[in-house]
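Encoded as structure tokens, the structure appears first; notes follow it.
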Amino acid sequence: MDVGADGSMPTKWSDMQVMEDSTATTKKPLPSCGIGGDIKRKSNTFAIDQDIRECICLMADSVTEVANAIKSLTISPKQIKNMYTELMFELTNIPGFSKEEIDMIYDNLSKNSTLILSFLSKPIYSKAKWMRKEL
Numbered sequence: 001m002d003v004g005a006d007g008s009m010p011t012k013w014s015d016m017q018v019m020e021d022s023t024a025t026t027k028k029p030l031p032s033c034g035i036g037g038d039i040k041r042k043s044n045t046f047a048i049d050q051d052i053r054e055c056i057c058l059m060a061d062s063v064t065e066v067a068n069a070i071k072s073l074t075i076s077p078k079q080i081k082n083m084y085t086e087l088m089f090e091l092t093n094i095p096g097f098s099k100e101e102i103d104m105i106y107d108n109l110s111k112n113s114t115l116i117l118s119f120l121s122k123p124i125y126s127k128a129k130w131m132r133k134e135l
């Protein structure tokens, strides 16, 4: 047998390690990493292929979950338009501010949609206080 540059010895797929799960009640064959060797038993090939398929399925399910989470956070153009319309409505209904001041505050808030949502969720007295502070 040849020894690799790192001192490791090549192993065959037929040389299997046994890995215990967290319950320590079942044992599962785990192919050792390495090169070489023919797989002599069809059952070993099937078990390895089945494990690989299960891992791929689990990864695909995880990717689908992440994609669905991202989709749920996405705001449609109609929702964005409604948010800006609601912002302008709220700003114009707070007494004590000129049209120029409202336009300036609208422009500043429009740069950050997170600020818009935060502003819209505040009670009216907090909105007025925030607007005075921004001027």
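Here the sequence shown is numbered in the numbering used here, starting from 1 and rising by one per residue. Ideal Cβ positions, reconstructed from N, Cα and C, are used throughout, including at glycine.
The DSSP-derived three-state label of P123 is coil. With fewer than 16 other Cβ atoms from the protein chains shown falling within 10 Å of its own Cβ, I80 counts as exposed. Residues L91, I94, F97, E101 and I105 of the same chain have their beta carbon placed closer than 8 Å to that of M131, with the five preceding and five following residues left out of the count. Looking at the backbone, the Cα of K127 and that of F119 are separated by about 6 Å. With 16 or more other CB atoms across the displayed protein chains lying within 10 angstroms of its CB, I116 is buried.
Minimum Cα-Cα distance from M83 among the listed residues M59, V66 and S113 corresponds to S113. Distance from the CA of K133 to the CA of S121, rounded to the nearest whole angstrom, comes to 17 Å. In the DSSP assignment, S76 falls outside any alpha helix (DSSP H) and carries neither an H nor an E.
Excluding sequence positions up to five before and after L58, its CB lies less than 8 Å from no other CB in the same chain.
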